[in-house]
Amino acid sequence: MSKNVLSISHVFLTRDNQRVLEDVNLDVNENELISILGPNGSGKTTLLKAILGFQKIDSGSIKIFGENPENGRSKVGYIPQFIERNSDFPLSIRDIILYGRYTGSFVKYKEEDFNIVNRYIEEFSLSKLRNKKISELSGGEIQRVLMARSLVRNPKLLLLDEPTSSVDKKSQEEFFAILNRLKENMAILLVTHDLGAVSTYIKRIVCLNRTVNYDGPTAEGLSKLDETYKGSINIIDHIHHIERKNV
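Counting from 35, one number per residue, gives the positions in the sequence shown under my numbering.
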């Protein structure tokens, strides 16, 4: 029987006097790759932040391996939706990935830290980019850097918010191949608007619109999406497609 990684029970969350999450329930087990679908403003990103403990919930509970988010997030890797490509940002790609091993002020990096970082630099084909700045990279390259940075901590739960919104088709295929390999050692929760990718690579989906409207097999869930719900996702996916062409 698979071990439970994440348990969300009857979670309510209000922000700016608006109910964002309402009685959300979700269980994620090890070795699962799950996609959260929903229209814009449905609470998907807020849910990820609540799992990390960055967004306070009104009631209910969130447990990561039985611990509260504040204690359990050391076991969580997170790739946000947006990252600013600032040309003045001084750190090299290698330093950005190394920072994923950072555990607190005045703690020096050990040889083990450098060895782990170098291993992921090689694994994600970043050797030729290791001394470049983030502003010099393409969307697909940034994606690989963020993935490497999140994995150097050896997480058991990986949260991803729209990770393929700025990459081309080839990079997307490579990315999902990586995810399917990674889920052998962790659970992965992925927010996306890309129904094509979901239908191709994901076996379980969660449809969220403040509350969970569906949780189960992908094919059945996609067939049940009403046209308004599906249309809002596809419109955003079309915008992302245009953005990828302009990257």
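Using N, Cα and C, we set each Cβ at its ideal position, and we do this for glycine too.
Because the structure is a prediction, the values reported are computed rather than measured.
- Q206 is not bridged by DSSP to any residue.
- Assigned with DSSP and collapsed to three states, D129 falls in helix.
- With respect to T79, V225 sits close: the two C-beta atoms are nearer than 8 Å.
- Going by DSSP, R53 is part of the beta strand (DSSP E) stretching over 52–63.
- The shortest CA-to-CA distance from S126 to any of L171, I91, I150, R244 is the one to L171.
- Going by beta carbons, Q115 and E208 fall outside the 8 Å limit.
- Distance from the CA of F88 to the CA of Y112, rounded to the nearest whole angstrom, comes to 12 Å.
- Taking the Cβ atoms as the reference, N243 lies roughly 6 Å from P73, within the contact range of under 8 Å.
- Residue state for P251 is assigned as strand, using DSSP reduced to three classes.
- When DSSP states are grouped into helix, strand and coil, L160 belongs to the coil group.
- A check of alpha carbon separations from Y154 across R128, G173, E145, G174 identifies R128 as the nearest.
- Annotation for L71: the continuous beta strand (DSSP E) segment containing it runs 67–71.
- If you look at R183, you'll find it in the alpha helix (DSSP H) that goes 173–185.
- In the DSSP assignment, E101 forms a beta bridge with I98.
- In this structure, F99 is the residue among N59, F99, K167 with its C-alpha nearest to the C-alpha of K37.
- DSSP places T80 in the helix class (H, G or I) of the three-state scheme.
- The alpha-carbon of R215 is positioned some 25 Å away from that of K83.
- Per DSSP, S169 is not a residue of any beta strand (DSSP E), being assigned neither H nor E.
- G77 is not a Cβ neighbour of L60, given a cutoff of 8 Å.
- DSSP places S233 within a helical segment (H, G or I) once states are collapsed to three.
- Here N149 carries a helix assignment [DSSP, helix/strand/coil].
- In this structure, the beta-carbon distance from S159 to Q177 does not fall below 8 Å.
- Residue pairing for V45: DSSP places it in a beta bridge opposite V58.
- In summary, E175 is buried, with 16 or more beta-carbon neighbours lying within 10 Å of its beta-carbon over all protein chains present.
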